[in-house]
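Remarks on the structure that follows.
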Amino acid sequence: MFTAIALLFIGCNEQPSPPLSPEEALASFVLAEEDLEIQLVASEPMVQDPVAITFDEAGRLWVVEMLGFMADIDGTGELDPVGRVSVLFDDDMDGKMDRSTVFLDSLVLPRAVAIVKGGVLISENIPLWYAEDTDGDFVADKKVLIDSTYGGSGMPEHSANGLWRGMDNWLYNAKSSYRYKEIDGKWKKDSTEFRGQWGIVHDNAGRLFYNYNWSQLHADLVPPNALLANKNHTPSSGIDHGLTLEREIYPIRSNTAVNRGYVPGTLDAKGRLLEFASACGPLIYRGDALPQSYDGDAFICEPTANLIKRNKISSDGFMLAAEGRYKNREFLASTDERFRPISAASGPDGAIYVVDMYKGIIQHGPYMTPYLRKITLDRKLDQPIHMGRIWRITSKKENKQQPANLSGADTKTLVHLLEHPNGWTRDMAQRLLVDKADTLSIPELNEMVTSGSELGKLHALWTLEGLGAVDAELCLKAMKANDPFVAQTAVRILMQMKNQDVDVIAQFEEFIQEEFNKAHPVLQMQMVMASNTVSAEVAFEVAERFLDIYKDLPLSRDVVMSSLADRELQMLGAILSHEGWEDREQYKEIFLEMLATAITNGGSVEGAKAMFTLLESNSGQSELWIATAIAQGIANAKRPENTPSIELEAEPDIFKGHEHLPAEIVLLFKDMQRHYSWPGKTDSTLPDSEISNKINREVYALGRQQYLNLCANCHATNGEGMKRFAPPLKNSSWVTGDQYKLAMILLHGMEGPVTVDGKLYDIPDILPSMPSFTTLQNNDIAAIATYIRNSWGNSAPEIGAGTIGRIRFRTQGKITPWKATELDTVIFDEKL
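Residue numbers (numbering that gives the first Met the number 0): 0 to 831.
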């Protein structure tokens with residue numbers, strides 16, 4: 000019905016939208032700051048359908064051109080090999096490209112390029128290639144397959160892209176859980192955490208940033224793979240952290256040619272898009288051509304709305320957050336409907352470069368709705384094709400200094416450039432030193448670590464790491480640096496070194512003991528993650544301090560758990576013997592639960608018996624919370640598929656004669672039994688669990704984990720709510736009722752007053768509103784919903800990720816929390 004109404008109302012009133020010349024397009028731009036200007040760098044026919052760019056050491060511009068994408072309304076010929084990577088040259092150094100050369104053509108939907116030692120990496124629709132020009136004419140004459148499965152699905156917005164060189168010398172990707180690095184002449188593919196959708200970048204500290212079409216900015220709070228050190232624990236924080244709930248955007252033209260334009264609330268009365276629909280191509284500004292106030296800010300492309308948003312990044316210890324720099328306007332917006340900023344990049348001159356696909360159709364064919372199809376054809380947005388522009392945003396104050404050509408730079412110059420004010424220059428100098436395996440640079444790099452600027456020290460350490468030339472003594476000195484990120488990096492690299500000397504570990508242990516209390520939170524976090532190398536006594540001491548200091552942050556628990564591989568049982572015994580742990584606090588409950596889950600995942604008979612003993616000894620009234628936490632943790636365990644049960648000699652006493660215990664823990668004891676076997680036990684003797692057989696246990700376990708991270712601080716670990724915070728979820732019809740209403744609440748939040756189980760809750764008995772979880776993935780939200788619908792006596796059907804996705808789609812434009820009165824009036828057909 001929405002589509003039909005929209006077609007009648009809008010489809011007949013919109014006029015054709017012709018393409019503008021580059022000069023006309025320049026006049027269509029509105030910048031939020033008067034001291035900046037936007038300039039044309041290249042346009043069609045020199046570039047066509049550009050989607051990504053990078054610069055090489057000589058300042059040449061490499062452009063990925065996806066000519067096969069949506070050549071017509073039906074996407075005809077999408078898999079034809081018509082894509083290419085071109086090299087653009089600015090011969091007269093006036094800032095505008097003069098000519099281009101096709102480096103590699105006959106590609107299917109290429110999407111990323113990275114300059115590497117000897118050549119370039121190019122990602123095609125599915126494969127990843129290494130291409131090389133051996134005769135200096137900038138035309139590839141060598142092409143080697145690196146990974147035949149790089150792209151994944153092959154769909155442009157759901158396949159790996161990025162090829163971003165991190166500060167740690169690995170190449171990271173968006174929409175991917177793999178990273179790449181050349182080691183001893185061979186390319187290594189390594190597993191890493193899944194990140195983002197289109198585009199990836201890092202800040203001056205080396206932290207990775209990315210986004211999703213509906214959520215404008217996410218980041219890593221911890222180094223890559225740091226939380227994966229404990230195979231028995233699955234972290235759920237620290238990576239893919241949403242930095243802001245802000246979704247509002249402020250276009251300066253109508254955006255009716257958007258796929259969701261027919262959904263009420265997507266467009267305002269003037270047809271302008273209200274919130275992000277295609278956030279992509281993030282950039283953290285690290286240049287020196289714009290005023291210093293721009294340093295570290297995030298720039299997010301929104302091609303559907305013809306704009307770029309600017310965010311200020313703020314930090315609190317190791318946590319990050321973002322906030323829009325402007326109210327009711329954007330950093331860059333255009334009245335030209337075909338302005339499609341797909342990605343942004345830093346340049347050798349310190350400016351911001353914008354990749355403009357300049358295309359009428361931006362929506363991929365499989366997602367082309369009847370509404371969008373009609374709008375596109377009626378307004379002739381399907382033609383012409385194969386246009387494209389590259390723009391530069393810089394200060395109006397003329398920068399007389401030309402960017403240096405680093406292709407012939409000597410060792411001393413490159414080392415010096417590691418502390419250049421332009422982040423692009425620092426990154427390039429590091430890459431060149433590492434790729435050249437320039438061992439002559441080692442003495443000067445060591446000197447830079449000792450006496451250089453903070454940024455220089457950071458890059459020098461990673462350059463030495465890339466050269467395989469890090470000295471343990473140098474790291475021991477560098478970890479005492481004033482800058483927390485230099486110190487963190489020194490600890491990271493030190494812990495990566497193999498065959499560590501006993502004396503080095505002793506010095507590191509002494510450093511932790513002496514410096515932990517006064518260290519910056521970032522360094523404290525790294526100390527804990529590296530503490531698995533030191534004695535258990537010291538490791539557990541700093542872990543407990545860290546948990547106590549940051550008890551309200553879920554990340555603190557994941558950080559500690561990552562450091563406890565094969566020490567979980569020892570840690571459990573230690574903390575329960577320490578004074579203060581008998582006092583019930585929510586963070587202690589959650590951590591005990593996580594320990595019990597990890598011990599069970601490890602499959603140790605010794606661990607099982609130890610936990611049974613703890614369950615029996617903590618079943619008294621005052622300690623029952625400890626037993627409940629341990630039992631819940633065992634029940635949560637998700638041991639590897641096809642892994643045999645933990646074999647016990649006989650049925651544990653804890654599973655017998657517990658009628659005197661509360662029903663909640665009895666149900667947990669029943670659920671625990673699936674992890675164990677003993678003589679005489681069969682499936683028919685296994686008692687019914689609290690969890691319905693219809694509920695996917697992995698989804699349920701994920702939901703519990705996310706619930707503890709995001710909801711328990713207000714609703715309590717047992718779903719009974721907390722005074723001054725939130726109402727109960729137990730026996731709540733808001734939880735067990737209509738799936739779409741619960742999905743709407745989780746996506747957008749809810750304001751009081753609200754009635755639960757016949758009781759009215761309002762300020763001051765609860766907080767004014769529940770926050771939105773819109774930055775979470777659909778499967779995470781679905782897992783939370785499924786968990787709370789099937790816990791604490793609640794029983795309701797599982798909610799799937801598809802349902803969350805449909806509700807997210809149909810509630811576009813909702814940027815404030817729901818009121819109970821609003822939800823009472825909403826009726827959706829849940830099958831749509």
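The beta-carbon is built from N, C-alpha and C at its ideal position, and this holds for glycine as well. This one's a predicted model, so the numbers in the text were calculated from it and none came from an experiment.
Distance between residue j and residue i (C-alpha atoms, nearest Å)
i	j	result
K230	P678	29 Å
L563	S190	21 Å
P44	P109	18 Å
T802	I694	16 Å
T368	V665	52 Å
M65	T773	31 Å
S794	Y699	13 Å
L466	D167	11 Å
Q362	L380	12 Å
A51	P347	16 Å
A468	F510	23 Å
Q495	E247	42 Å
E588	T820	35 Å
K725	I548	One detail in the question is off: residue 725 reads as Ala in this sequence, not Lys. Spanning the two alpha carbons is a distance of roughly 24 Å.
R259	G184	48 Å
I798	E514	48 Å
Cβ neighbour criterion (16 or more within 10 Å) applied to residue i
i	result
G359	buried
D409	exposed
S621	exposed
P442	exposed
T681	exposed
S277	buried
E615	exposed
T75	exposed
R807	buried
S236	buried
S158	buried
Proximal residues to residue i (C-beta, below 6 Å), its chain only, five neighbours per side dropped
i	result
F827	Y739
I125	G150, G153
M749	M769, P816, W817
L822	K740
I574	W580
V86	R59, W61, T100, F102, F137
A204	F484
A538	S530
S683	The predicted model places S683 with a pLDDT of 47, which falls under 50 and marks its position as unreliable; any figure quoted below should be read in that light. None.
Supposed close pair residue i, residue j - CB separation, criterion 8 Å
i	j	result
L413	L439	Their Cβ separation, rounded to whole angstroms, is 10 Å, which puts L413 and L439 out of contact at 8 Å.
S345	I351	7 Å
A403	G349	Not a contact, Cβ separation roughly 12 Å.
W390	I629	Not a contact, Cβ separation roughly 59 Å.
L207	G165	7 Å
V200	I283	5 Å
D97	F88	6 Å
A320	L242	5 Å
A113	L144	Contact flag wrong, Cβ pair sits at about 16 Å.
Proximal residues to residue i (C-beta, below 7 Å), its chain only, five neighbours per side dropped
i	result
F590	L546, R556
G812	G264, T265, L273, E274
S790	G718
P18	R337, P383, M386
L685	For L685, the pLDDT reaches just 49, beneath the cut-off of 50, and the residue's location in the model is therefore unreliable, leaving the point undetermined.
D146	P126, L127, K188
R56	Reading off the sequence shown, one finds Glu at residue 56, where the question assumed Arg. Excluding positions up to five away in sequence, the list reads L405, S406, M427, L431.
Residues bridged to residue i [DSSP beta-bridge criterion]
i	result
A742	In DSSP, A742 forms no bridge with anything.
Y325	In the DSSP output, where bridge partners are listed per residue, Y325 has none listed.
S147	Its beta-bridge partners do not exist; DSSP assigns none.
W624	Beta-bridge pairing links W624 to no other residue.
W817	M749
L87	L60, S99
R309	F298
N160	A173
Residues of its chain near residue i, where Cβ-Cβ distance is below 8 Å and the 5 sequence neighbours each way are ignored
i	result
A542	V527, S530, V559, S562, L563, M570
A31	R309, R324, Y325, R328, E329, F330, L331
D269	It is Lys, not Asp, that sits at residue 269 in the sequence shown. Hits under 8 Å: S253.
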